[in-house]
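Going by my numbering, the first residue of the sequence shown is number 197, and it counts up by one from there.
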Amino acid sequence: MTALFGVFTLLGGCAVESASQAVVDAYRLIHSEGSAAQHELNPKLSYLRVQTGGREVFMALGYIDATPDGPVDVWYSAEADVLRLRDGRVAGAIMKTGTNWLTVSFSDLPRWDAVGHQAQFERIRDVSPGYRYGIHEKMLIRLIEPPTDTQLKNISASSLVWFEETVQGGSDRPARYAVRLASPGTQRVIYAEQCLSSEYCFSWQDWPNSSKGTH
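(1) How long is the line joining the alpha carbons of Ser-231 and Asp-368, rounded to whole angstroms?
(2) Under three-state DSSP, which class holds Leu-392?
(3) Tell me which same chain residues have a C-beta within less than 6 Å of the C-beta of Ser-303, skipping the five on either side of it?
(4) Answer yes if the stretch 325-343 comes into contact with the stretch 272-285, meaning at least three C-beta pairs across the two stretches below 8 Å, and no otherwise.
(5) Using only CA atoms, which one of Cys-397, Gly-288, Asp-269 lies nearest to Gln-347?
(6) Using the beta-carbon count (16 or more within 10 Å), is Leu-377 buried or exposed?
(7) Can you look up Ser-242 in the DSSP assignment and give me helix, strand or coil?
(8) Express the C-alpha separation of Pro-343 and Met-291 in angstroms, rounding to a whole number.
(9) Short of 6 Å in beta carbon distance, which residues of its chain neighbour Gln-364, apart from the five on each side in sequence? Order them along the chain.
(10) Leaving out five residues on either side along the sequence, give the residues of the same chain with a beta carbon under 6 Å from the beta carbon of Ile-331.
(11) Given a threshold of 16 other Cβ atoms within 10 Å of its Cβ, counted over all protein chains shown, does Arg-327 qualify as buried or as exposed?
(12) Assuming Ala-374 contacts Leu-356 under a Cβ cut-off of 8 Å, what Cβ separation, rounded to an integer in Å, is found between them?
(13) Relative to the C-alpha of Thr-362, which candidate in Arg-280, Gln-401, Arg-285 has its C-alpha closest?
(14) Whose C-beta lies closer than 6 Å to the C-beta of Val-268 among residues of the same chain, with five residues either side of it excluded?
(15) Give every residue of the same chain whose Cβ lies closer than 6 Å to the Cβ of Ala-211, excluding the five residues on either side of it in the sequence, and list them in chain order.
(16) Gln-401 and Leu-244 look like a contact to me (Cβ under 8 Å); what is the Cβ gap, rounded to whole Å?
(17) Per DSSP, which residues does Thr-263 bridge with? Please list them.
(18) Taking C-alpha atoms, which residue in Leu-392, Leu-298, Asp-345, Ser-352 lies nearest to Tyr-329?
(19) Quick check: Ser-394 and Gln-247, are their CB atoms within less than 7 Å of each other?
(20) Kindly give me the distance between the Cβ atoms of Phe-359 and Val-300, rounded to whole angstroms, as I take these residues to be in contact under 8 Å.
(21) Could you give the residue range of the beta strand (DSSP E) that holds Asn-350?
(22) Could you check if Arg-384 is buried or exposed, using at least 16 other CB atoms within 10 Å of its CB as the buried criterion?
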């Protein structure tokens, strides 16, 4: 479990205790035999099931970072992966393999229930390795039909509202989001797919469907 301790240095103040317990529970979940049944999870915590290629990782919600731009959910795995999600979008990712998005900011970001047919916004990110800073991108998001080629489990794709997000003029695979719009003003991303580079893509899903977090 030595990989866990490097994660804790990213935390501060009262967040340390809850995040420590979250990562320990994720570690036990990953290294337990059999499937990730609901009885194996601590009901006081929230989890993500993350898949990239043949690798499956469970991440636990450490804490919610109250940033000036809005709350960001900070997730940790027992393998020292760190994923930051703002309203379901990647706001930072330090993964065991692949490209890292060190920081991500958005402007004119629409609410999911306000996208309509399509909408535009801007994204700025810092990337490593290579240490490319201030990558400015114009983004286009649009409604799509529920796809049939996802990693979604235990929930029907048709029960969610789906969006596709692309970089204007870019060539990377589009991001996809499955959102539960329970009522006006109530929205939650249940599943998403994102490529951090042309070689590294992953998906994440609430596991199990939970009510904690802000994504």
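C-beta: ideal position from N, C-alpha, C; glycine also.
This is what the structure holds:
(1) At Ser-231, the pLDDT of 47 sits below 50, so the modelled position is not reliable and the matter cannot be decided from this model.
(2) coil
(3) The beta carbon of Ser-303 is closer than 6 Å to those of Glu-318 in its chain, skipping five residues each way along the sequence.
(4) no
(5) Cys-397
(6) exposed
(7) coil
(8) 26 Å
(9) Lys-334, Leu-336
(10) Arg-321
(11) Arg is not the amino acid found at residue 327; the sequence shown has Tyr there. Using a 10 angstroms sphere on the CB of Tyr-327, the tally of other CB atoms stays under 16, which defines it as exposed.
(12) 4 Å
(13) Arg-285
(14) The answer, listed in chain order, is Asp-261, Arg-280, Arg-282, Ala-287.
(15) With a pLDDT of 47 at Ala-211, under the threshold of 50, the modelled position of this residue cannot be trusted, and the question is left open.
(16) 7 Å
(17) Gly-266
(18) Nearest of Leu-392, Leu-298, Asp-345, Ser-352 to Tyr-329, Cα basis: Leu-298.
(19) no
(20) Actually they are not in contact, since the Cβ atoms of Phe-359 and Val-300 sit about 17 Å apart, beyond 8 Å.
(21) Run containing Asn-350: none; DSSP gives neither H nor E here.
(22) buried
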